[in-house]
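J.:
Here is the structure:
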């Protein structure tokens, strides 16, 4: 019980003090089964890229490792950072991620490095 309260208080503090930049959507390639909705933020924990990864695979996945590349205005890779998606991502679902970055950039390119399949499942129904 106390642990849950500490987690909720911490999340409330982080989300309440975060300054967000504009949201970006990235699709790594036409062949990628993942889509990203993310934004850069500056908060008490420093610079970060946070958002959601959408899983279009027919499997529930876990241990999702991400790489976020920082790209300058000239299109040059200036930094790279790695992080994890929190929890499992259901087939047709999304998972939250927060990846600390070393410096601000013009844009970011997230991609899934690795993941483990848990089980095959039907995608979650979507509202019309």
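Residue numbers (the numbering used here): 14 to 141. Cβ coordinates follow ideal geometry from the N, Cα and C atoms, glycine included.
DSSP three-state label for residue 57, please.
T.: coil
J.: What does a CB cutoff of less than 8 Å around residue 127 pick up in its chain, not counting 5 residues either side in sequence?
T.: 76, 77, 78
J.: Cβ of residue 112 within 8 Å of Cβ of residue 94?
T.: Yes, these two residues count as a Cβ contact at 8 Å.
J.: Please name the residue, chosen from 129, 110, 70, that lies closest to residue 51 on a Cα-to-Cα basis.
T.: Of the listed residues, the one whose Cα sits closest to residue 51 is 110.
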